[in-house]
Each structure stands twice: as structure tokens, then as C-alpha cells.
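**Q** Shown below is the structure under consideration.
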Amino acid sequence: MNSFVYVNIFETKGLEYLLLLCFWVLFIYLVRYLSAPVKNRKDWP
Amino acid sequence: MDRRGFLKTTLVAGTAALAGNQVQAQETRNPEEFVGILVDTTRCIGCRACEVACGEEHDLLVPDVINDGALEAQRTTSDKQWMVVNKHETEKGDVYVKRQCMHCYQAACATACPTIAMEKTKKGPVIWDGGKCLGCRFCMVSCPFDMPKFEYGSWNPKLQKCTMCFERLQAGQKPACVKACPTDTLIFGTRADNLEIARHRIYSHPDKYVHQIYGEHEVGGTGYIYLSAVPFDQIGFRTDLGNKPYPEYTKEFLYAVPMVLFGVPAFLLGLNALAGSSNSAEGEAFDPDREGGEG
Amino acid sequence: MSTAVTREMGHFFQFLIQEMKPRGPWLTPFNIISVPVILTGLVILYFRFVYGLGAVTNLSQDFPWGFWLGFDVVTGIALAGGAYVITFVVYVMKVDKYQSIVRVTVLNALLAYIFYAGALLFDLGRPWHAFNPYIGNSFGFSSVMFLICWHFMLYMVAAFVEFSPVIAEWAHWEKARKILKGLTLGTVIFGITLSILHQSGLGALFLMAKPKIHPLWWSEFIPILFFVSSIYAGLAMIIFEGTISHRVFKNLIDPDSHHAFDDIIFGLAKGAAITMFVYYFMKALLFVHDKQWGLLGDGWGYWYLLEVLGFVLVPGFMFAFGFRNRSLNIVKLASILALLGIVLNRLNVSIISFRWYADVHYYPSWQEIVVTLMIIFTEIWIFRWIVTRMPVFKPAH
């Protein structure tokens, strides 16, 4: 019969939270980038 | 018959096995216990009498067992054959394995069916009703064993798969393949009984069998269970299917459906009310389709 | 009373017959291509219904779902997601900037559901039972397909009600228009709720196919991924479709809304950039959670990276860059890349990575592609007929 193999299903949680931090830092940059005043108004009415 | 008598035990509520005398066992037997078939692949001689019986019983292809040389190739069931016997060359010599619908305890195909055309009956077999079927083939996509087969060559296609001879069962007979088997490879009975027999064989001949009953836990348990002398991945079984019943993969999503239908409209109405208060100064100015003069 | 109604109906039919007549030249490049395709498609469908699905498709026992389901239904519906996003913004959040594209977007969604969900009828083996999920004793409550059947039907009704004031305006039914107008907010909210569920439901169809879909594409979160990606799919589709419509139907659109449309495109681009960024990180989270770095070494891994980096991250940044620099061309290019990414993702889940281990893999037959083109061209015909007659592009006046 199958023997029992222990698997830690939360092994990657630390990495996931690290990814989350990266996301928030980058996301803030993205939102700031998108809401800054327009740079190039050449073809803008 | 001794074997069966010895094994007349029962499973109460699917958890505790109570060994007892026959009378007691009969009384505590769950009348709704699913039936199933035990396949002991160590006994099969590859005569394919079951294939012939199946074809004759269900008006499907009746193979020419002597001349067709079908054992040379690995076959799958098809829209013309509900079951096939395959030969596998293994470390312990040739092993013959009968394959067909496994009649899962929690059948993915029946869960997938939008019209209950594919139905898990109270007795255990999974059957198909052509009067309801749409032909969407979601059962084929969902089945972990790829058993439902579709008649692509017909304007009025049927889904073809083993029904464990449901009509014969209702008439109190055994499935045709079991009846035809000359070597007792196939044993028909309640699944609980079959599991007892299978365990008994493994314990009595620990060197002959691998210590696994395929279908005891796989995909949450299946009606057909298998014994083997060699690891199951060597005789054509997928061993990566997991023990979780397949319907549970969609359980969370289907739970979420009424939640979303309760919550989201209310949430949206609330948002709308909030958005309205900030825009109220503009009043009539907001209206995508304008009300014209009469508004 | 009844004679008045009859006379009214008579007027309407005369009006309808008048409107049925073609307008504009017949021998346009689009007509020259589409008419033969549609006729060929009809012939193929004849063979499909007389000799079975196997006669015209490459479907097999191993590949029960092919191009008609994977592209027409699963991809087509994702691309029709624009309507629920825009109606949310305009009717629920009351952002009036996007008013002028509501009608055409809802019309696009309505037609997409009628044609692409309707394409399911060709794919069903026993389409004469298509009403079974709706009536009688055959409710497969446990089925995701059951949910999808109901939602397609209900959403078509909702989208039709949302669009109906335009029809009433076209037919000069003033009273009906006012009544139908009053239903809009309710149907919009209903439609958004349904969309959330069936966009994710199309993903949930593949949950039980776990052992057959490559682990890089199967996830228990497919429903959420499908829902989130349908948001930017819809936005990208509005940019893509709108750009073409504004070129083809130039004479139907007044110059003021041409300028307004550029502004709308940039707004949509901003929304798409943020959604794609979030979607990308969702993919990354699942990648980390399932420890899939070991799967990147082979062709499937590169294919996955191409989809996620090349067709999600890159167009996402292009949307942001195009918005920031007010470059219409970059935004339009980004929308095309994003749409290709959606097509790629949906086909990867439903067809390409399905049974990735198989020796003989499915690919669509030419008949399947012609029927798909037939569906798309017929939809464009109907779309053209409607927009040249009904006040679809007209903003509030």
C-alpha cells in the first residue's frame, strides 16, 4: 500500500508574501506613473 | 462459495467494518450499497470471452477473438466497444487487463452533465439517457478515465460507455462479462464485499500481489476495483489521478454561484447609490441615452 | 382599437421592409470575401448535420472539444466582456465620459453572445435537446455546463433589454422606449452579475479536466483568472473594434465624438494596464504556489513564458506607456497584443495544452475554421445592418 509522505502544503507561503510585497511596490509605481501629468501633448486635443 | 461465506461482512456507513455472523451481516447491510466488480488481473488468461459477451449483450461490435489479433495492440474502448482487454508485457510475464468505465463513486461525468443524461444510479452503475443528452461532451472532458465515447460518425450520436449491464442488474442477473468469465477473474458484488475479497487475497498471498487495490481510493473510489501482481502504472493505469473525488474540483466554484448572485447585485446597487450622491449636482446632465424633451 | 393596432403593425412592417433594403455599394472587398465564406460554411453545416460531427471536424474520442468550443465559445465570450465592464462604469459608477460607446459595446456583446454562444448549437451532438437544461426534469444542478447554458440565455435577454431602447428609438416607439429605458439599471446590474459568473464559469469547465491539462495552465483558480482576464479582454476589444468602426463607419459618427473617442481609448488603456498588471501577478502567484519552475525547461515552458510575458506583461506596459505618452498607435498595438494573448490563453487551456502528452494532437480542420469565419462574418453583416439603421453611434442628443 502507499506509504505516507509528508508534504508541507504551505511551503511557498513565504515566497508568496515576498511576491506580494514586490507587487505593491511596483503597483504604487505603476499608479503614480499613470496618474502623473501628461508628458507629451503633441497629438492631444 | 466458502470464500464468499467467509467474507460476508459489511461496511456500516462506509466507515467501520463489522465482522459478524451472516444473519447479523444481512441485517446491517446497507440496502443502498453500491455494486461493483472486482478484477483480479492475475487470473485473467486473455480469452476475451467478456468482450464477446459485452458486444452481444449490447448490440455492439462482437470481436472475432480467434483471428483479429487485437491483443497485439494497446486498444481503448470506443463507440463500438464498451470494454477491451489489453495485454501488457511486464516483469512477471504477460498480464491481461480488462478496461471499461470505472463507475466512480462520485462520478465526474454525471456531475458534469447539464441534463442528468449521465446519471449515477442508486445501485452504483453510471448510465446514459439519450432522451436528455445534449451531446455537449463535457462528460468526456471531465472523465479522468476517458470512458464516455461519442459517435462522431452519426447525425444522431450516442454517448457509448459501459453501464455495468444495468438492465440485467435490475432483472437480478449478473453483468454479461462477469457471467462469461471462465476464470473467476471478475467478481460481481457490493463494492464493500469486493474490497474484503481483495484485501483477503492480498493478505493471504502477500508476495503474489502488489499491496494496492486500484479503485479503493483513486478518484474517491470506483465501482470497478483491480488487483495486480505488478505496479499499476505498468499495466496501463494512470497513477497520478489523485484520491480526491473529481466533483470536488468544481465544488468551491458552484458554492460561490449563489453567493455571487446574492451579494453582487446588492453591492452594485450600493455603489450606484454612492456614485449617485456625488453626481447629483449635475442632475439630469447624466444620462447616457438622454431623455430628450419629455424627460 | 384592434384596427388601429393592425394599421400600426402594417406601418411597422412597411418600415421594416424599407429598412431591409441594402444601403451602399454591393461589391465591397468585405462582401466579396464574406459571401463565399458564408455560403461554404452553410454547405459544411449541411454535411455536419447529415453525416455527424466527424465528417467535418477533427474531433476525436481523445479531443472532444475543438476549435468551435475553444475559440468560438470560450474565446469569443471572453472578448465580449467589454459590455459588462463599460455598463458597470457608465450606469453603476456613473462615469459619463464613456456614454458614447455604451450602445455600440452592448450591441457588440449581444451579437457576440447570439453568434458565439449560438455556435454551441453546431458543436452539440444532439442540438434538438438544447432546451433540456431549461425545461422539464433535466436540471443538472451540479454541472458547470448547466450554469453556462442558463447564463448565456439570461445574459442574452439582459443585453437585449439593455439595447432595446435603441431599437425602440429606431422604430419610433416612444412609449416603449421610455419603459425599456427604466429597466436599464436593473438589467445592467443583473448582466454584470451574470457576466462575473459565466466568464469565470467558462474557466470552471476545465477544473475536472485536471489530469489532461498541462500543469502550467491548470489551476484551481482558473475561474478567477478567466474572470480577471475577461476584463482587459473586453477593454482591448473595445479599443480594437472601436478603432475599426470609427474608420469604416466614419460618416455615421459626428466629428466631435471622434475626438472624444481618443480620450475614451486612453481611459480604457489605463484600465487595461492596471488589470493586466494585477492579472500578471496572479499568474506569478500561482506559479510560485505550485512550484512550477521545474516545468519551464521544455517547449511548453517557453510557450507559457511567451504567453505570460510576451502577451500579458508586455502589452500591459505598452498600455501604460501609450497612455502616459498619449500615443494612440502604441495603445492600439497593445490592444492587438492583449487580444492575441487572450486568444492564446483560452486556446492553450481548452485545446493546445489539453492532453499535451498525446502522440497525435488535435488541430482544427479547414471546415471548422471556415464555419468559424462564417459565424464572424455573419455577425459583422448583422452588426453593419444595425449600425447603419439604428442610432447606435449617435450620442445623446
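Protein chains in written order, with this note's numbering: chain X, 174 to 218; chain W, 305 to 599; chain R, 97 to 493. The C-beta atom is built at its ideal place from N, Cα and C for all residues, glycine as well. Bear in mind the structure is a predicted one, so any value in this text is a computation, not a measurement.
(1) Is any beta-carbon of chain X found at less than 7 angstroms from that of Val101(R)?
(2) Could you tell me the distance, in whole angstroms, from the CA atom of Gly418(R) to the CA atom of Ser296(R)?
(3) Would you call the CB atoms of Val445(W) and Pro319(R) closer than 7 angstroms?
(4) I'd like the span of the beta strand (DSSP E) that includes Glu270(R), first residue to last.
(5) Based on the DSSP output, what are the partners of Val389(W) in its beta bridges?
(6) Which of the three DSSP states is assigned to Thr494(W) in this structure?
(7) If Ile134(R) and Thr474(R) are in contact, beta carbons under 8 angstroms, what's the gap, nearest whole angstrom?
(8) For Asp344(W), write down the residues that DSSP places opposite it in a beta bridge.
(9) Gln326(W) by DSSP, collapsed to three states: which one?
(10) Can you confirm whether Lys366(R), when its beta carbon is compared against all beta carbons of chain X, has any partner nearer than 7 angstroms?
(11) Which value, in whole angstroms, describes the spacing of the CA atoms of Ser130(R) and Phe211(R)?
(12) By alpha-carbon positions, which one of Ile201(X), Glu184(X), Pro210(X), Ser208(X) ends up nearest to Phe373(R)?
(13) Please list the residues of the segment 116-148 of chain R that have a C-beta atom closer than 8 angstroms to any C-beta atom in chain W, keeping them in chain order.
(14) In the structure shown, what three-state DSSP assignment does Tyr518(W) receive?
(15) In whole angstroms, what separates the C-alpha of Leu112(R) from that of Gly172(R)?
(16) Can you check whether the C-beta of Leu381(R) is within less than 7 angstroms of a C-beta belonging to chain X?
(17) Which residues of chain R have a Cβ atom closer than 7 angstroms to the Cβ of Asp544(W), listed in chain order?
(18) Compare the C-alpha of Ala329(R) against each of Thr201(R), Trp396(R), Ala254(R), His354(R) and name the closest.
(19) What are the residues of the segment 314-325 of chain R that lie near chain X, defined by any Cβ-Cβ distance shorter than 8 angstroms?
(20) Tell me, please, whether the CB atom of Leu194(X) is closer than 7 angstroms to any CB atom in chain R?
(21) I'd like the list of long-range same chain contacts for Glu360(W), defined as Cβ closer than 7 angstroms, with 5 residues on each side in sequence excluded.
(22) Would you say Phe541(W) lies against chain R (beta-carbon separation less than 7 angstroms)?
(23) Less than 7 angstroms between C-beta atoms, sequence neighbours within five positions excluded: which residues of the same chain meet that for Cys413(W)?
(24) With three or more C-beta pairs closer than 8 angstroms as the rule, is the segment 402-413 of chain W touching the segment 522-538 of chain W?
(25) Please list, in chain order, all residues of the same chain as Lys190(R) whose beta carbon is under 6 angstroms from its beta carbon, the five residues on each side excluded.
(26) State the Cα-Cα distance for the pair Trp481(R) and Arg343(R), rounded to the nearest angstrom.
(27) Is the number of C-beta pairs between the segment 260-278 of chain R and the segment 472-491 of chain W that are closer than 8 angstroms three or more?
(28) Where Pro365(R) and Asp394(R) are concerned, what is the direct C-alpha to C-alpha distance, given to the nearest angstrom?
(29) Which stretch, first to last residue, makes up the beta strand (DSSP E) that contains Val430(W)?
(30) Cβ atoms of Val384(R) and Leu192(X): under 7 angstroms apart, would you say?
(31) Can you tell me whether Val191(R) is helix, strand or coil according to DSSP?
(32) I want to know whether the segment 554-562 of chain W touches the segment 299-307 of chain R - three or more CB-CB distances under 8 angstroms.
(33) Could you tell me whether the segment 165-182 of chain R touches the segment 224-236 of chain R, using the rule of 3 or more Cβ pairs below 8 angstroms?
(34) Mind checking which residues open and close the alpha helix (DSSP H) that includes Met470(R)?
(35) If you drop the 5 nearest sequence neighbours on each side, which residues of the same chain put their C-beta closer than 7 angstroms to that of Leu401(R)?
(36) Going along chain R, which residues have a C-beta under 9 angstroms from Glu355(W)?
**A** Taking the definition as stated:
(1) Mapped onto the third sequence, residue 101(R) falls at position 5. Proximity of Val101(R) to chain X, defined by a Cβ-Cβ separation below 7 angstroms, is not satisfied.
(2) Counted from its first residue, the third sequence places residue 418(R) at position 322. Counted from its first residue, the third sequence places residue 296(R) at position 200. Taking the Cα positions, Gly418(R) is about 29 angstroms away from Ser296(R).
(3) For this step, residue 445(W) is matched to residue 141 along the second sequence. For this step, residue 319(R) is matched to residue 223 along the third sequence. Val445(W) is not a Cβ neighbour of Pro319(R), given a cutoff of 7 angstroms.
(4) The count along the third sequence starts at 1 and reaches residue 270(R) at position 174. Per DSSP, Glu270(R) is not a residue of any beta strand (DSSP E); the alpha helix (DSSP H) it occupies stretches across 270-278.
(5) Reading the second sequence from its first residue, position 85 is the one you call residue 389(W). The bridge partners DSSP lists for Val389(W) are Lys402(W).
(6) Along the second sequence, one-based indexing puts residue 494(W) at 190. In the three-state scheme derived from DSSP, where H, G and I count as helix and E and B as strand, Thr494(W) is classed as strand.
(7) On the third sequence, residue 134(R) is found 38 positions in, with the first residue counted as 1. On the third sequence, residue 474(R) is found 378 positions in, with the first residue counted as 1. Correct: roughly 6 angstroms between the Cβ atoms.
(8) Numbered from its first residue, the second sequence carries residue 344(W) at position 40. Beta-bridge partners of Asp344(W) (DSSP): Leu531(W).
(9) As a working mapping, residue 326(W) is identified with position 22 in the second sequence. Caution applies to Gln326(W), whose pLDDT of 45 falls short of 50 and renders its modelled position unreliable; the value that the coordinates give is listed next. Helix, per DSSP.
(10) Position 270 of the third sequence, counted from the start, is the residue given in the question as residue 366(R). Chain X places a beta carbon closer than 7 angstroms to that of Lys366(R), counting this residue as a contact.
(11) Here residue 130(R) refers to the residue found at position 34 when the third sequence is read from its first residue. Here residue 211(R) refers to the residue found at position 115 when the third sequence is read from its first residue. For Ser130(R) and Phe211(R), the distance between alpha carbons rounds to 16 angstroms.
(12) Counting from 1 along the third sequence, the entry for residue 373(R) is found at position 277. Considering only alpha carbons, the answer is Ile201(X).
(13) Of all residues in the segment 116-148 of chain R, Phe145, Val146, Tyr147, Gly148 have a Cβ within less than 8 angstroms of some Cβ in chain W.
(14) The residue given as residue 518(W) occupies position 214 in the second sequence. Of the three classes helix, strand and coil, the one that applies to Tyr518(W) here is strand, per DSSP.
(15) Taking the third sequence and counting its residues from 1, the one referred to as residue 112(R) is at position 16. Taking the third sequence and counting its residues from 1, the one referred to as residue 172(R) is at position 76. About 30 angstroms.
(16) Here residue 381(R) is taken as the residue at index 285 of the third sequence, counted from 1. Yes - at least one Cβ of chain X is within 7 angstroms of the one on Leu381(R).
(17) The residue labelled residue 544(W) in the question sits at position 240 within the second sequence. Taking a Cβ-Cβ cut-off of 7 angstroms, the neighbours of Asp544(W) in chain R comprise Pro307, given in sequence order.
(18) Counted from its first residue, the third sequence places residue 329(R) at position 233. When only C-alpha atoms are compared, the closest one is Thr201(R).
(19) Hits within the stretch: zero.
(20) As a position in the first sequence, residue 194(X) is number 21, starting the count at 1. So, not an interface residue.
(21) Here residue 360(W) is taken as the residue at index 56 of the second sequence, counted from 1. Answer for Glu360(W): Val366, listed in chain order.
(22) Residue numbering aside, residue 541(W) sits at position 237 when the second sequence is read from its first letter. Closer than 7 angstroms: no.
(23) Locating residue 413(W) in the second sequence gives position 109, where the first residue counts as 1. The residues are Met422, Val430, Cys443, Ser446, Cys447, Pro452.
(24) Output reads yes: the segment 402-413 of chain W touches the segment 522-538 of chain W.
(25) The residue given as residue 190(R) occupies position 94 in the third sequence. Scanning its chain for C-beta atoms nearer than 6 angstroms, with the 5 sequence neighbours on each side dropped, one finds no residue around Lys190(R).
(26) In the third sequence, residue 481(R) corresponds to position 385, counting from 1. In the third sequence, residue 343(R) corresponds to position 247, counting from 1. Spanning the alpha carbons of Trp481(R) and Arg343(R) requires a straight line of approximately 16 angstroms.
(27) Not touching, per the Cβ criterion.
(28) Locating residue 365(R) in the third sequence gives position 269, where the first residue counts as 1. Locating residue 394(R) in the third sequence gives position 298, where the first residue counts as 1. Correcting the residue identity first, residue 365(R) is Ala in this sequence and not Pro. When rounded, the distance between both Cα atoms is 34 angstroms.
(29) Along the second sequence, read from residue 1 onward, the residue named residue 430(W) stands at position 126. Segment 430-432, the beta strand (DSSP E) holding Val430(W).
(30) For the purposes of this step, residue 192(X) is taken as the residue at position 19 of the first sequence. For the purposes of this step, residue 384(R) is taken as the residue at position 288 of the third sequence. Less than 7 angstroms separates the beta-carbon of Leu192(X) from that of Val384(R).
(31) As a first step, residue 191(R) is located in the third sequence; it is residue number 95 there, counting from the start. In the three-state DSSP reduction, Val191(R) falls in the coil class, being neither helix nor strand.
(32) Yes, the segment 554-562 of chain W touches the segment 299-307 of chain R.
(33) No: fewer than three Cβ pairs fall under 8 angstroms.
(34) In the third sequence, residue 470(R) corresponds to position 374, counting from 1. For Met470(R), the enclosing alpha helix (DSSP H) covers residues 462-483.
(35) Within the third sequence, the letter at position 305 stands for residue 401(R). The residues Leu392, in chain order, have a CB closer than 7 angstroms to that of Leu401(R) in the same chain once the five nearest residues on each side in sequence are set aside.
(36) Walking along the second sequence from the start, residue 355(W) turns up at place 51. Chain-order list of chain R residues neighbouring Glu355(W): empty, with the shortest C-beta distance near 18 angstroms, by a criterion of under 9 angstroms.
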